[in-house]
Amino acid sequence: MLIGGHISTAGGIYLSPERAAKFSFRTFQVFSKNQRQWKAKPLAENDVEKFRSEVASRGMKKIMIHASYLLNMGTSDPQLKTKVLDGFLEEIKRADILGIDYLTFHPGSANGTTEKDALRNIAENLNQLITKDQGCTILLETSAGQGKTVGHTFEQLAEIIDQIDLKDKVGICFDTCHVFAAGYDIKSKSGYGETMDRFNSIIGLDKLLGFHLNDSKKGINCRVDRHEQIGDGMLGIDGIANFITDRRFSEIPMNLETPLGEDGYFKDLAVMNSVLKEE
Ligand SMILES: [Zn+2]
Ligand SMILES: [Zn+2]
Numbered sequence: 036m037l038i039g040g041h042i043s044t045a046g047g048i049y050l051s052p053e054r055a056a057k058f059s060f061r062t063f064q065v066f067s068k069n070q071r072q073w074k075a076k077p078l079a080e081n082d083v084e085k086f087r088s089e090v091a092s093r094g095m096k097k098i099m100i101h102a103s104y105l106l107n108m109g110t111s112d113p114q115l116k117t118k119v120l121d122g123f124l125e126e127i128k129r130a131d132i133l134g135i136d137y138l139t140f141h142p143g144s145a146n147g148t149t150e151k152d153a154l155r156n157i158a159e160n161l162n163q164l165i166t167k168d169q170g171c172t173i174l175l176e177t178s179a180g181q182g183k184t185v186g187h188t189f190e191q192l193a194e195i196i197d198q199i200d201l202k203d204k205v206g207i208c209f210d211t212c213h214v215f216a217a218g219y220d221i222k223s224k225s226g227y228g229e230t231m232d233r234f235n236s237i238i239g240l241d242k243l244l245g246f247h248l249n250d251s252k253k254g255i256n257c258r259v260d261r262h263e264q265i266g267d268g269m270l271g272i273d274g275i276a277n278f279i280t281d282r283r284f285s286e287i288p289m290n291l292e293t294p295l296g297e298d299g300y301f302k303d304l305a306v307m308n309s310v311l312k313e314e
């Protein structure tokens, strides 16, 4: 499988491939800038070169950038919209400068607007930004449905994609914690099969281009976004096993985003490996 995890860029983004390699990851995810700030320093040419050569020499592939949490693409507020579009364009440019394949973002929230309008705004805003010659593919992340966030049902995600002009530039990042929290049974074998069949008929498995591999602190349909270490949560190792043993997804990047981050990945991997050995 193409297992990775969210990796720190402390000290320079070019250090992240080496950090990822410590866990024998074949892929990873980073923030390309501070995820809680609007402004970002431009990427230094030297850093970009070092990053690209580190990625190539370590054979890392299908790397993901996680976009800033501030970018509510669902907004109907014209002032915020301008800021969000600027910020998102910057994310796309940075992904392309770094040669990163996927830019994952939280679709947004229906704060101050209806769900329908939020979904339309997300699609319209993406249509303004996406170009034929951009290198990266933009991934809509499945949400937990906390508060007024949208993207917690497959139907909502399909409704966004249906309104996108350049559909080959968008896909889905499936967060196991979020989908479980949003009410889908991915824990039992039969529930997992049904859920993925539903995903296929509503969105299409060809659109499933990435995973966030997380356990969930809370139970199914809790509608809260609380990650847990692999095997320690309510989704449990059985739920995670459904994904990591599904051969349809063996070349789809799966990134851990568990609460301990790099301090917990060895343990997460050990728990996952115990399942893979039984296979
Ligand atoms: Zn996310
Ligand atoms: Zn989350």
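Per the numbering used here, the sequence shown starts with residue 36, numbered consecutively. No residue lacks a Cβ here, since even glycine has one placed at the ideal position from N, Cα and C. Treat the numbers as computed from the prediction; the structure is a model and nothing was measured.
Give the range of the beta strand (DSSP E) segment to which residue i is assigned.
i, result
"Asn-18", "It is not possible to answer for residue 18, since the shown part of the chain is limited to 36 through 314."
"Ile-173", "172-176"
"Ile-100", "99-101"
"Phe-140", "137-140"
Quick test of your reading: residue i and residue j, contact by CB under 8 Å. State the CB separation rounded to the nearest angstrom.
i, j, result
"Leu-154", "Lys-222", "Not confirmed; about 28 Å, so no contact."
"His-41", "Leu-291", "7 Å"
"Leu-174", "Tyr-137", "5 Å"
"Ile-238", "Leu-192", "6 Å"
"Arg-71", "Ile-38", "Not confirmed; about 27 Å, so no contact."
"Phe-246", "Ile-272", "Rounded, the Cβ-Cβ distance is 16 Å, inconsistent with contact."
"Leu-311", "Phe-58", "Between Phe-58 and Leu-311 the Cβ distance is about 15 Å, and since that is not below 8 Å, they are no contact."
"Thr-44", "Phe-66", "7 Å"
"Glu-53", "Glu-89", "6 Å"
For residue i versus residue j, is the C-beta distance shorter than 8 Å?
i, j, result
"Leu-248", "Gly-206", "no"
"Ile-196", "Lys-202", "yes"
"Ala-217", "Val-259", "no"
"Ser-225", "Asn-156", "no"
"Cys-212", "His-141", "no"
"Ile-275", "Ile-265", "yes"
"Ser-19", "Glu-126", "Lying before the first or after the last residue shown, residue 19 is absent from the chain, which here runs from 36 to 314."
"Asn-235", "Ile-199", "no"
"Met-36", "Met-289", "yes"
"Gly-268", "Ser-285", "no"
"Glu-176", "Asp-210", "yes"
"Phe-189", "Arg-233", "yes"
"Asn-160", "Val-119", "yes"
"Ala-56", "Arg-87", "no"
"Thr-149", "Met-99", "no"
"Leu-78", "Leu-124", "no"
Where does residue i sit, in a helix, a strand or coil, going by DSSP?
i, result
"Leu-124", "helix"
"Phe-209", "strand"
"Gln-264", "coil"
"Ser-251", "strand"
"Leu-192", "helix"
"Thr-230", "helix"
"Gly-299", "coil"
"Phe-316", "Outside the displayed range of the chain (36 to 314) lies residue 316, so it cannot be described from this structure."
"Ser-43", "coil"
"Thr-280", "coil"
"Leu-106", "coil"
"Ser-309", "helix"
"Ile-38", "strand"
"Gly-271", "helix"
"Phe-246", "strand"
"Ser-225", "helix"
"Ser-144", "strand"
"Leu-133", "helix"
"Arg-71", "coil"
"Val-119", "helix"
"Pro-113", "helix"
"Ile-238", "coil"
"Ala-216", "helix"
"Gly-50", "As written in the sequence, residue 50 is Leu, which differs from the Gly given in the question. Here Leu-50 sits in helix by DSSP."
"Lys-202", "helix"
"Asp-168", "coil"
Which residues bound the alpha helix (DSSP H) around residue i?
i, result
"Gly-180", "Per DSSP, Gly-180 belongs to no alpha helix (DSSP H) and is neither H nor E."
"Leu-161", "150-164"
"Glu-286", "Per DSSP, Glu-286 belongs to no alpha helix (DSSP H) and is neither H nor E."
"Phe-58", "Where Phe-58 is concerned, there is no enclosing alpha helix (DSSP H), given that its DSSP letter is neither H nor E."
"Ala-91", "80-92"
Problem set entry | Closer than 6 Å to ligand 1: residues, by C-beta to nearest heavy atom, in chain order | His-101, His-141, Glu-176
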